[in-house]
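Student:
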Amino acid sequence: MDWHVIASGVLVISGAFLTVVGAYGTLRLPDVYTRLHAASITDTLATFLVLAGLAIPSLVAGEWLIAVKLLLVLIFLWFTSPIASYSIGHAAFFAAQKPKLDHDLTDGEGDKA
Amino acid sequence: MIYGVAALGLLVAMLFAIIRALLGPTLMDRVMAANMFGTKTVLLLAVMGYLAGRPEFLDLALVYALMNFISIIAVLKYFRYRDLGQSRVRS
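So the sequences go chain by chain: A and B. Residues 1 to 113 (this note's numbering) make up the first sequence, in order. Residues 114 to 204 (this note's numbering) make up the second sequence, in order.
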């Protein structure tokens with residue numbers, strides 16, 4: 001059980017654990033904006049952990065093409081999932097969907113959104 | 114075995130996304146659940162490709178990530194403008 005097997009196992013398991021925690025966060029959080037935060041936060045880190053955990057054994061085994069493909073998937077997800085989450089949040093806010101706050105955002109000045 | 118547990122974790126995360134999609138009171142909850150489901154599918158493809166010893170799955174994962182992003186943006190545009198803009202092209 002040399003180092004790269006342990007390293008890839010730890011990375012992949014931590015990535016999967018973060019994914020489950022993030023997904024559980026979307027169930028428990030009260031509001032769409034907080035759920036969006038929980039869902040999109042795992043998109044970058046958990047993706048990196050899982051794909052890096054897969055890249056290590058392929059690099060050690062010498063198949064550089066698999067590692068390059070994993071890198072491409074990772075780079076693409078790193079760029080697009082924040083954009084997708086931003087546009088969901090923007091569309092939600094644009095659809096005048098009020099975040100659930102303790103106090104009223106407009107403090108009684110009527111609906112300005 | 115480790116990758117099997119990771120794949121199981123990803124499946125549990127996808128199950129949570131489906132539950133949020135079903136329960137989600139507002140429209141944006143469902144769009145967010147769809148986006149999350151797509152991203153986890155990409156990861157599951159990568160892990161299953163590694164488990165099955167078939168590197169072609171990574172091409173599928175990349176294409177799926179591309180499609181997932183485009184479809185989420187198209188869905189959001191449709192909900193935002195009630196159409197995808199063809200009418201402006203024709204008029």
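Don't be surprised by glycine CBs; every beta carbon is placed ideally from N, CA and C. Bear in mind the structure is a predicted one, so any value in this text is a computation, not a measurement.
Could you list the residues in the stretch 32-44 of chain A with a C-beta less than 7 Å from some C-beta on chain B, going in chain order?
Tutor: Answer in chain order: Val32, Arg35, Leu36, Ala39 and Asp43.
Student: Check the Cβ-Cβ distances between A:Leu77 and every residue of chain B, and say whether any is below 8 Å.
Tutor: Working through the first sequence from its first residue, we reach residue 77 of chain A at position 77. For A:Leu77, the answer is yes, since a Cβ of chain B falls inside 8 Å of its Cβ.
Student: With C-beta atoms as the reference, is A:Leu72 less than 8 Å away from A:Leu49?
Tutor: Translated into the one-based positions of the first sequence, residue 72 of chain A becomes position 72. Translated into the one-based positions of the first sequence, residue 49 of chain A becomes position 49. Result no, Cβ atoms of A:Leu72 and A:Leu49 do not sit closer than 8 Å.
Student: Would B:Phe182 and A:Ala84 be called neighbours here (beta carbons separated by less than 8 Å)?
Tutor: The count along the second sequence starts at 1 and reaches residue 182 of chain B at position 69. The count along the first sequence starts at 1 and reaches residue 84 of chain A at position 84. For B:Phe182 and A:Ala84, yes; Cβs fall inside 8 Å.
Student: Thinking B:Ile186 and B:Ala147 are a contact (beta carbons under 8 Å), I'd like their distance in whole angstroms, please.
Tutor: For the purposes of this step, residue 186 of chain B is taken as the residue at position 73 of the second sequence. For the purposes of this step, residue 147 of chain B is taken as the residue at position 34 of the second sequence. The pair is not a contact, with the Cβ atoms about 12 Å apart (cut-off 8 Å).
Student: Please determine, among A:Asp43, A:Ser87, A:Leu65 and A:Ile56, the residue with the shortest C-alpha to C-alpha distance to B:Ala126.
Tutor: Within the second sequence, the letter at position 13 stands for residue 126 of chain B. The shortest C-alpha separation from B:Ala126 is found at A:Asp43.
Student: What residue does the alpha helix (DSSP H) around B:Met149 start on, and which one ends it?
Tutor: Position 36 of the second sequence, counting from 1, holds the residue named residue 149 of chain B. Leu140 to Leu164 is the span of the alpha helix (DSSP H), which, as asked, contains B:Met149.
Student: Assuming B:Ala159 and B:Phe150 are in contact, meaning their beta carbons sit under 8 Å apart, how far apart are those beta carbons, in whole angstroms?
Tutor: Position 46 of the second sequence, counting from 1, holds the residue named residue 159 of chain B. Position 37 of the second sequence, counting from 1, holds the residue named residue 150 of chain B. About 15 Å; that fails the 8 Å criterion.
Student: Would A:Gly9 and B:Ile115 qualify as a contact pair, given that the criterion is a beta-carbon distance under 8 Å?
Tutor: Taking the first residue of the first sequence as position 1, residue 9 of chain A is located at position 9. Taking the first residue of the second sequence as position 1, residue 115 of chain B is located at position 2. Yes, these two residues count as a Cβ contact at 8 Å.
Student: Is the Cβ-Cβ distance between A:Gly15 and A:Ala46 less than 8 Å?
Tutor: For the purposes of this step, residue 15 of chain A is taken as the residue at position 15 of the first sequence. For the purposes of this step, residue 46 of chain A is taken as the residue at position 46 of the first sequence. Yes.
Student: Could one say the Cβ of B:Arg167 lies closer than 8 Å to chain A's Cβ atoms, at least one of them?
Tutor: Walking along the second sequence from the start, residue 167 of chain B turns up at place 54. It does not; no Cβ of chain A falls within 8 Å.
Student: For B:Ala134, name the three-state secondary structure that DSSP assigns.
Tutor: Taking the second sequence and counting its residues from 1, one reaches residue 134 of chain B at position 21. In the structure shown, B:Ala134 sits in a helix (DSSP, three-state: H, G or I).
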